[in-house]
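So for the sequence shown, my numbering puts the first residue at -5; every next one is plus one.
Cβ atoms here follow ideal geometry from the backbone N, Cα and C, with glycine treated the same way.
Computed from a prediction, not measured in an experiment: that's the story for all the values here.
Take a look at the structure below.
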Amino acid sequence: MKILVINAGSSSLKYQLIDMETEQVMAKGLCERIGIDGHLKHTPLVGGKPVFNEDVPMPTHSEAIAAVIEKLTSPEYGVVGSMKEIDAVGHRVVHGGEKFAKSVKIDADVMAAIEACIPFAPLHNPANITGIKACRDVMGDVPMVAVFDTAFHQTMPGKAYMYAVPYEYYKNDGIRRYGFHGTSHLYVSGRCAELMGKPIEELKLISCHMGNGSSICAIDGGKCVDTSMGFTPLVGLPMGTRCGDLDAGVIQFIMKKYGFTIDEMLNILNKKSGVLGVSGVSSDFRDLSAAAEQGNERAQLALDMFAYWVAKVAGSYVAAMNGVDAIIFTAGVGENDSDTRAAIVKYFGYLGVKLDKEANSKRGQDIMISTPDSKVKVFVIPTNEELVIARDTKAIVG
Ligand code: AMP
């Protein structure tokens, strides 16, 4: 069975074609500047075919999908003989609200429910819907599955997902904590249990997804019991450009003083805050480390704040779960930045965590970075959201 995994953004579309017999990625690629002009980078990973990296007109997502299918099946760049060899499509969908606690086969009712979640994710869900419709246009009635970023977090208890605001905002408007990066937290927690050789039902895990966007998830017995992102992905840890947790009074103060509209204010909190805002240098941890090494104090402060917040939130989850067996680092920073990992692990002395410095210096593999006698284990596990989407799609489509 071959499954096409699609992650559609407003002007971009990432894809992977995965052979489910071996779980090998046969080809992957990225369409960019959809609706502007259009560019496709297509990378075949089997058969020794060359990379295609050129402008292709893409007035809409339909032309983007058509270009992807053309490349996947072309004699020169292709990895399959025809579109018929693609058995199903798995779509990443950001927000499933309270309606979806699992992945589902897409039909008219599911499309309506995804549309109903647009107010919760006004930037992402419309793009995901456009990707699904474009696939329908180009690929006809091939079975398609929606895999939601929010689904894994639906097991949180009310005491964790409720905000302490008047209850009717939850009841009438769905105002609550939803959480994001669920597919990533699900993948790395499952993999961690495999690496520990224990059933996930017996483990208390803390998964730290640290990328441009970052969130932490407390996973007790394989189920999410708390997570740091909330109604939107703006809160929790300070991120690349997002502010993380913030007193609502600060928003009112800045808006009043500088005369900002709510959209201007949210733009600052989403795009100009986080480690970029504090450092004034960059949202990229590589730039921050380089600047800090050259004595830039604000870059160092931003790095210190990030490590402190990860440790603080993870510590609160140790309390929430009454213990922890392993802590997992994943995503761009979690997988690559050994200094940031070491800075975070320093806070875990009270848990009996001991860092294996040599293991921590390695990259690009699933690895335990705590010493064998460390009371709580620490792992680096490269995330693989596409594989989760493909596995769910296979399980649902059969
Ligand atoms: P992601 O959102 O998971 O793609 O992560 C992207 C972020 O990972 C970048 O903005 C960087 O901050 C960080 N990153 C990627 N590679 C490295 C690296 N080698 N060292 C430190 N940080 C890195």
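| Check | Outcome |
| --- | --- |
| Cβ-heavy atom distance between Thr226 and the ligand AMP below 8 Å? | no |
| What separation, rounded to the nearest whole angstrom, lies between the Cα atoms of Ala107 and Gly168? | 14 Å |
| Just mark Arg280 as buried or exposed, buried being the case when its beta carbon has 16 or more other beta carbons within 10 Å. | exposed |
| Does the beta-carbon distance from Val139 to Gly191 come in below 9 Å? | no |
| In three-state terms, what does DSSP make of Ser183? | helix |
| Going by Cα to Cα distance, which pick from Ile390, Asp386, Val391, Gly392 is closest to Asp143? | Asp386 |
| Mind the definition here: the segment 350 to 358 touches the segment 197 to 216 only if three or more C-beta pairs lie below 8 Å; say whether that holds. | no |
| Residues around the ligand AMP, please: the ones whose beta-carbon is closer than 5 Å to some heavy atom of it, in chain order. | Gly205, Asn206, Asp278, Phe279, Arg280, Ala325, Gly326, Val327, Asn330, Asp331 |
| As a quick exercise: from Ser76, Ala145, Ile112, Glu57, pick the residue whose alpha carbon is nearest that of Glu92. | Ala145 |
| Below 6 Å CB to CB, which residues in the same chain sit around Lys43 once its five sequence neighbours on both sides are set aside? | Tyr71 |
| Let me confirm a value: Gln10 is counted as buried when at least 16 other C-beta atoms fall within 10 Å, else exposed. Which label applies? | buried |
| Can you tell me whether Leu189 sits near the ligand COA, meaning its C-beta is under 8 Å from at least one heavy atom of the ligand? | Judged by which ligands are present, the ligand COA is missing from the structure shown, whose ligands are the ligand AMP. |
| Which residue marks the beginning of the beta strand (DSSP E) containing Lys35, and which one marks its end? | 33 to 38 |
| Between the beta-carbon of Val272 and the beta-carbon of Met299, is there less than 9 Å? | yes |
| Flag this pair as yes or no: are the beta carbons of Val339 and Ala296 separated by less than 9 Å? | no |
| Please report the residue range of the alpha helix (DSSP H) in which Lys258 lies. | First, the residue type needs correcting, since residue 258 is Glu and not Lys in the sequence shown. It spans 256 to 265 - the alpha helix (DSSP H) in which Glu258 sits, taken as one unbroken run. |
| Can you have a look at Thr324 and say buried or exposed, based on whether 16 or more other CB atoms are within 10 angstroms of its CB? | buried |
| Figure out for me which residue from Gly234, Gly41, Lys371, Met52 has the closest Cα to the Cα of Ser68. | Gly41 |
| Would you kindly report the start and end of the unbroken beta strand (DSSP E) that includes His85? | 82 to 87 |
| What three-state label does DSSP hand Thr46 in the structure shown? | Here the sequence assigns Phe to residue 46, which means Thr is not the residue at that position. Three-state DSSP puts Phe46 in a strand. |
| Using a Cβ distance threshold of 8 Å, determine whether the segment 155 to 174 contacts the segment 25 to 41, with at least three qualifying pairs required. | no |
| Helix, strand or coil for Cys237, going by three-state DSSP, please let me know. | coil |
| If you follow the alpha helix (DSSP H) that Tyr163 is in, where does it begin and where does it stop? | 161 to 167 |
| With distance defined between alpha-carbon atoms, name the residue in Gly184, Ser6, Lys165, Pro160 nearest to Leu117. | Ser6 |
| If you draw a straight line from the C-alpha of Phe114 to the C-alpha of Ile30, how long is it? | 26 Å |
| Compute the beta-carbon to beta-carbon distance between Cys202 and Val304, rounded to the nearest angstrom, for a pair I have assumed lies under 8 Å. | 6 Å |
| Count the other C-beta atoms from every protein chain shown that fall within 10 angstroms of the C-beta of Thr124, then say buried if there are 16 or more, exposed otherwise. | buried |
| Taking Gln481 as the reference, which of Asp257, Gly205, Gly90 has the closest Cα? | Nothing in the structure corresponds to residue 481, since the chain is present only between -5 and 392. |
| Give a yes or no on contact between the segment 231 to 239 and the segment 247 to 257, applying the rule of three or more CB pairs nearer than 8 Å. | no |
| For Gly373, write down the residues that DSSP places opposite it in a beta bridge. | Before going on, a small fix: residue 373 reads as Phe here, not Gly. Looking at the DSSP assignment, Phe373 forms a beta bridge with Ile322, Met362. |
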